[in-house]
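In full-length UniProt numbering, the protein residues as written are 1 to 107.
Notes follow the structure.
Right, dumping it as structure tokens:
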């Protein structure tokens with residue numbers, strides 16, 4: 001896999017993981033606060049679980065292909081736990097040059 005492909009895939013999965021977190025949080029709110037339905041949790045629970053696993057897998061692949069340090073890799077993995085932290089990590093990694101973008105990708 002090329003670094004550009006890995007970086008693009010990582011960005012897509014990081015955003016999808018954050019969006020699935022939002023869906024799950026809304027589902028949990030509806031389930032536990034007004035106690036109207038469990039449908040949101042039933043729908044977004046498995047979706048978030050699948051995307052979470054995809055994020056972890058893509059983060060490990062990105063760490064290998066992009067030669068991340070163990071600290072950067074650990075930070076990427078830890079970012080999968082708090083809601084929306086994957087977007088923060090993606091932006092941080094881009095600013096720090098750990099997640100290449102555009103034409104500046106080294107082969």
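By construction, the Cβ of each residue, glycine as well, lies at the ideal position given by its N, Cα and C atoms.
Keep in mind it's a predicted model, so treat the numbers as computed, not measured.
Identify whether residue i lies in helix, strand or coil by the three-state DSSP scheme.
| i | result |
| --- | --- |
| residue 38 | coil |
| residue 4 | helix |
Does the Cβ-Cβ distance between residue i and residue j come in under 7 Å?
| i | j | result |
| --- | --- | --- |
| residue 86 | residue 93 | no |
| residue 13 | residue 58 | yes |
| residue 73 | residue 98 | no |
| residue 77 | residue 3 | no |
| residue 15 | residue 62 | no |
| residue 18 | residue 75 | no |
Is it true that the stretch 12-29 meets the stretch 37-50, where meeting means three or more beta-carbon pairs spaced less than 8 Å apart?
-> yes
Minimum length 3: unbroken beta strand (DSSP E) runs contained in the UniProt domain "DUF3817" (8-95) = none
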